[in-house]
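Chemist: Pasting a structure here, questions to come.
In this note's numbering, the protein residues as written are 708 to 1739.
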């Protein structure tokens, strides 16, 4: 049974009685003689009221009603307006009417008003969830009307609903059916409580613009850590207004940059919002932070009014006002009886009264390098709490970690490389604190204590030994706790929420251990796997599978505890997301179609590395990812967001393009190519006068070149690796034999020959140089299309004793006809610097959008290798922070990047983990340091031979005083400003050298966290530097 209430206003003053009748049984079945009298209540403008119990709502019948007067003589005086109609919902509802005036409000009326400056020929539409708004189909969107002063208005009618509703929508700027665009940023949100009665909502909107400051300040580091709020407010339900002669106004605005000691207020020209007195303003609720909301009932006569947002300090009288002109709440838009109760939603989108930009200071450190009283030969998840305490001591608000995912293949030194992950989701068990696990037997405790001192006294991490010890002890602990795991709610919840990646990882780990290798291609069984097989094999191997479930559970518990500690103490955790995955990873085993397993990613050769880099991990099959809406990537990002507040996207250029290297033929990256790419067609080359394709595509090898390279070994080389002569050697263009026509074939052959390693390396290098002595490379995906060879103008680069680079011209290019040299130079610069940019931008857009949409992490781009201004600007416009390294100039004709000119959306750093530290860099190249001394320190004397403490502090200050949002330093670079913390040689401070053949990631910081915390005077010194640079 529902109750229906009728409220009637009348201007007639009469002793006659007011009645209502209608075609419902409860209203007289359409007979006015059976009408129901209304009660008179002069306390309200709607002075006549009636409530009926509706026992049987009509089915398939339109319900109508009308009012009339019955005089004392019994005459009936009907209204002069048409019949009124009822819209029913499944709960109580109310109807507000005025005698003799047609009722325009019979359902839920929503009026949109938005400000947008169009150009001639453009129109504005609104489109969203409900069918009345087009169901997100722009062809069915609602056209708005232009009303002047760049305002657009429109009305929709929605059915009444007895349940709360949330509607999402956007505005569309329309020129033609093929020329329109949606407004930027997130959807608008219309959230109301139950509306069972006819109701008016007026939405005063702001057209969303793309603004990276909104995006960045709304990310997790600001919302969950830096500006984190412990809200004591209650949620606001935007219920429809039911009070006549009033207007309920619901204010919504996003304001993420409000510090914990501050609150947001509405102050304006009416008594309800303080009459411009901030002390009497209306405090908004932070329950929905970073959105702020307020629901205020205004007298109808108060509209229109001016207002502003301001920030008030809880502990002082400080008030920060918006710097913009006053905002205006307009008079009611919908023309109807002004006494009708109505609601207005003012969605002001964004405000930022705090005009001083946030600037922070952070520490970069590999977790493995940390020392503490509890660590056992390597840093542990639990050590992060102490590092957070140290951050608080020196006013650092961010910790950046290198990747901490599982890299286990065999447990040897190759697994110490943190970027070669066997799982993009699982955490590394080597960082587990064994003594923090519940249920550790005393025997294991004693063994940990016994080995701890020995391992911690080592100057570096003994990765294989630490890993072997911890895995052995984890198995022992597991044997003690596994019987109780089924009853462990946290453990079971962890499995439930991570099954999507956990099952596959655990099963892969079982087979890796069983077969002694992570290279699934050589396993005797299960080289390929399906989802059904995974589920079946998990059950048949459950005890071993559960062991890896449990390990990941422990990793997750310990790291998440550290994350909570960091959040509670105002420190952001920033993770590092490698672009690639290992070819021997869970992902390549279980989801091979997502990767191009026949290709490797790398970087093209340059002056610093004439071989380029071959990362030896597969490239992505991006079209396949797109067919799944990038579901694997979204899952990977959500896992990162579960662990970190911010993320460094390693090798950001890979989201625009990859440098692909064919695995079946190449060792180096020289003969690789861009993907995606616009290769040159044969017709294009022909139009440029390039006709001799054999000359451009085949290695250019002449006898004089062989003699020059190999000297006395020239005859052996010519006879062994090249086809027999068809003319005199001086006239012959040599061709490699089929068995030596690729780098892979040459390396495989040389590995079987008896010669010393130095001779083999030298012979291989020279043969590779000849093999890559080409100008063009065939595009195997498009017939008659060709790539330009990377650095085709040069064969190699020699480094002089003073550190300079001398390019050695390619003989293939050198011996071209003069008329073709200029053409090939044009081809080279077009292919590498101009031709691809628009294609890369177009194809990267859905990937970048996916990165932005998937989580609320702050996205930081390792874009050092991008070298394309358009791509860099695109990232900055999206709110990605770029990486700026002072010693790596992005500016033409500059030796160093100008720290004082770094953009706000950037991270400034003097060193990264794969570079020398400040001290190490200072001793690398005297000529470079002399230039730095003159250009960046502005001194003309001779620079010191070593990086003295004052120089290191000066470089720190340069970065702290930059305009970059964050400045992040290696821990060694921070503490190196004090002689007490310089126990390591500059060369020993380096975490990793990517050019070194010995890829042992064994660096360990020489001082414990406790020792750093005890150095109170040093903490004060760093704290002062941070305070002075306003990065606190």
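A virtual CB, placed ideally from N, CA and C, is assigned to each residue, including glycine.
Check for me: the alpha helix (DSSP H) holding residue 1013 runs from which residue to which?
Modeler: Reading the chain shown from its first residue, position 306 is the one you call residue 1013. Where residue 1013 is concerned, there is no enclosing alpha helix (DSSP H), although the beta strand (DSSP E) it sits in stretches over 1012-1020.
Chemist: When the Cα atoms are used, what is the spatial distance from residue 921 to residue 1001?
Modeler: The count along the chain shown starts at 1 and reaches residue 921 at position 214. The count along the chain shown starts at 1 and reaches residue 1001 at position 294. Going from the Cα of residue 921 to the Cα of residue 1001 covers about 20 Å.
Chemist: Could I get the ranges of all uninterrupted beta strand (DSSP E) runs contained in the region 1427-1454, with 3 residues as the minimum, in chain order?
Modeler: Segments of the beta strand (DSSP E) lying fully in the region 1427-1454: there are none.
Chemist: Would residue 1658 and residue 1677 qualify as a contact pair, given that the criterion is a beta-carbon distance under 9 Å?
Modeler: For this step, residue 1658 is matched to residue 951 along the chain shown. For this step, residue 1677 is matched to residue 970 along the chain shown. It is not a contact, given that the beta carbons lie outside the stated cut-off.
Chemist: Helix, strand or coil, according to DSSP, for residue 774 in the structure here?
Modeler: Translated into positions along the chain shown, residue 774 becomes position 67. Note: residue 774 maps to strand in three-state DSSP.
Chemist: Can you tell me where the alpha helix (DSSP H) with residue 1098 in it begins and where it stops?
Modeler: Here residue 1098 corresponds to residue number 391 of the chain shown, with the count starting at 1. Note, residue 1098: alpha helix (DSSP H), 1090-1101.
Chemist: Taking just the CA atoms, how far does residue 990 sit from residue 1100?
Modeler: Counting from one through the chain shown, the residue named residue 1100 turns up at place 393. Counting from one through the chain shown, the residue named residue 990 turns up at place 283. For residue 1100 and residue 990, the distance between alpha carbons rounds to 34 Å.
Chemist: What residues in its chain sit with their C-beta under 6 Å from that of residue 1387, if we drop five residues either side in the sequence?
Modeler: Counted from its first residue, the chain shown places residue 1387 at position 680. 1493.
Chemist: At 4 residues or longer, and completely inside the region 1354-1438: list those alpha helix (DSSP H) runs for me, N to C.
Modeler: Taking only runs of at least 4 residues, the alpha helix (DSSP H) segments lying wholly in the region 1354-1438 are 1389-1394, 1400-1404, 1410-1417, 1421-1428.
Chemist: Please list, in chain order, all residues of the same chain as residue 1331 whose beta carbon is under 8 Å from its beta carbon, the five residues on each side excluded.
Modeler: As a first step, residue 1331 must be located in the chain shown, where it is residue number 624. Correct list, in chain order: 1300, 1301.
Chemist: Leaving out five residues on either side along the sequence, give the residues of the same chain with a beta carbon under 6 Å from the beta carbon of residue 1192.
Modeler: The residue you call residue 1192 lines up with position 485 of the chain shown. Within the same chain, residue 1192 has close Cβ partners 1198.
Chemist: Distance, Cα to Cα, residue 889 vs residue 879?
Modeler: Translated into positions along the chain shown, residue 889 becomes position 182. Translated into positions along the chain shown, residue 879 becomes position 172. Those two C-alpha atoms are separated by around 5 Å.
Chemist: In whole angstroms, what separates the C-alpha of residue 832 from that of residue 884?
Modeler: If you number the chain shown from 1, residue 832 lands on position 125. If you number the chain shown from 1, residue 884 lands on position 177. So the alpha carbons of these two residues sit roughly 12 Å apart.
Chemist: Going by DSSP, name the residue or residues bridged to residue 835.
Modeler: Here residue 835 corresponds to residue number 128 of the chain shown, with the count starting at 1. DSSP output for residue 835 lists 876 as bridge partner(s).
Chemist: Counting only the same chain and skipping the five closest in sequence on each side, list residues whose C-beta sits under 6 Å from that of residue 1244.
Modeler: Here the question's residue 1244 lines up with position 537 in the chain shown. Correct list, in chain order: 1214.
Chemist: Is it the case that the Cβ atoms of residue 1290 and residue 1324 are separated by a distance below 9 Å?
Modeler: As a first step, residue 1290 is located in the chain shown; it is residue number 583 there, counting from the start. As a first step, residue 1324 is located in the chain shown; it is residue number 617 there, counting from the start. Contact: yes.
Chemist: Is it right to say residue 1581 is buried, meaning 16 or more other beta carbons lie within 10 angstroms of its own, or is it exposed?
Modeler: Mapped onto the chain shown, residue 1581 falls at position 874. The residue is buried, with at least 16 neighbouring Cβ atoms inside 10 Å.
Chemist: Can you say whether residue 1049 is buried or exposed, counting buried as having 16 or more other CB atoms within 10 angstroms of its CB?
Modeler: On the chain shown, residue 1049 is found 342 positions in, with the first residue counted as 1. Buried: at least 16 other Cβ atoms inside 10 Å.
Chemist: DSSP has residue 1712 in a bridge; who is on the other side?
Modeler: As a first step, residue 1712 must be located in the chain shown, where it is residue number 1005. Paired residues: none, contrary to the question.
Chemist: In whole angstroms, what is the alpha-carbon distance linking residue 1345 and residue 949?
Modeler: Sequence index remark: in the chain shown, residue 1345 carries index 638 (1-based). Sequence index remark: in the chain shown, residue 949 carries index 242 (1-based). Rounded to the nearest angstrom, the two C-alpha atoms are 43 Å apart.
Chemist: Does the beta-carbon of residue 718 have 16 or more other beta-carbons within 10 angstroms, so that it is buried, or is it exposed?
Modeler: Taking the chain shown and counting its residues from 1, one reaches residue 718 at position 11. When all chains shown are included, residue 718 counts as exposed.
Chemist: Closest by CA to residue 887, which one among 901, 924, 855, 848?
Modeler: Mapped onto the chain shown, residue 887 falls at position 180. Checked all of 901, 924, 855, 848; the closest Cα to residue 887 is 848.
Chemist: Suppose the cutoff is 8 Å on Cβ atoms and the five residues either side in sequence are ignored; what does the same chain contact list for residue 1095 look like?
Modeler: Taking the first residue of the chain shown as position 1, residue 1095 is located at position 388. Answer for residue 1095: 1106, 1269, 1272, 1273, 1276, 1278, listed in chain order.
Chemist: Assuming residue 1322 contacts residue 1338 under a Cβ cut-off of 8 Å, what Cβ separation, rounded to an integer in Å, is found between them?
Modeler: Residue mapping note: residue 1322 aligns to position 615 of the chain shown, counting from 1. Residue mapping note: residue 1338 aligns to position 631 of the chain shown, counting from 1. With a Cβ gap of about 24 Å, residue 1322 and residue 1338 do not count as contacting.
Chemist: For a quick check, are the C-beta atoms of residue 1740 and residue 1534 less than 9 Å apart?
Modeler: Any property of residue 1740 remains undetermined from this structure, which presents the chain solely from 708 to 1739.
Chemist: Measuring only the C-alpha atoms, how far is residue 1421 from residue 1471?
Modeler: As a working mapping, residue 1421 is identified with position 714 in the chain shown. As a working mapping, residue 1471 is identified with position 764 in the chain shown. Taking the straight line joining both Cα atoms gives about 14 Å.
Chemist: Quick check: the region 1663-1672 against the region 1599-1616, are there 3 or more CB pairs under 8 Å?
Modeler: Because the criterion of three Cβ pairs below 8 Å is met, the region 1663-1672 and the region 1599-1616 touch.
Chemist: Can you tell me where the beta strand (DSSP E) holding residue 1280 begins and where it ends?
Modeler: Counting from one through the chain shown, the residue named residue 1280 turns up at place 573. Element bounds for residue 1280: 1279-1284.
Chemist: If you measure between the beta carbons of residue 1076 and residue 1536, is that distance less than 9 Å?
Modeler: Against the chain shown, residue 1076 aligns to sequence position 369. Against the chain shown, residue 1536 aligns to sequence position 829. No, these two residues do not count as a Cβ contact at 9 Å.
Chemist: So, helix, strand or coil for residue 1040, using DSSP?
Modeler: As a first step, residue 1040 must be located in the chain shown, where it is residue number 333. Per-residue confidence for residue 1040 stands at a pLDDT of 48, beneath the threshold of 50, marking its modelled position as unreliable; no derived number is given.
Chemist: What's the call for residue 1042, buried or exposed, on a 16-neighbour Cβ count within 10 Å?
Modeler: Here the question's residue 1042 lines up with position 335 in the chain shown. Note that residue 1042 has pLDDT 47, beneath the 50 cutoff, so the model's placement of it is unreliable and the number below is only indicative. Under this definition residue 1042 is an exposed residue.
Chemist: If residue 1054 and residue 822 are in contact, beta carbons under 8 Å, what's the gap, nearest whole angstrom?
Modeler: Reading the chain shown from its first residue, position 347 is the one you call residue 1054. Reading the chain shown from its first residue, position 115 is the one you call residue 822. No, residue 1054 and residue 822 are not in contact; Cβ-Cβ is about 12 Å, not under 8 Å.
Chemist: Within 10 Å of its beta-carbon, does residue 762 have 16 or more other beta-carbons around it, so buried, or fewer, so exposed?
Modeler: Counting from 1 along the chain shown, the entry for residue 762 is found at position 55. Per the 10 Å Cβ criterion, exposed.
Chemist: Write down the C-beta distance between residue 1019 and residue 972 rounded to the nearest angstrom, noting that I regard them as a contact closer than 8 Å.
Modeler: By 1-based counting over the chain shown, the position of residue 1019 is 312. By 1-based counting over the chain shown, the position of residue 972 is 265. Their Cβ separation, rounded to whole angstroms, is 6 Å, which keeps residue 1019 and residue 972 in contact under 8 Å.
Chemist: Could you name the residues of the same chain whose beta carbon sits closer than 6 Å to that of residue 655, not counting the 5 residues immediately before and after it, in chain order?
Modeler: Residue 655 cannot be examined here, being either before or after the span of the chain that is shown, 708 to 1739.
Chemist: For residue 756, write down the residues that DSSP places opposite it in a beta bridge.
Modeler: Residue numbering aside, residue 756 sits at position 49 when the chain shown is read from its first letter. DSSP output for residue 756 lists 714, 746 as bridge partner(s).
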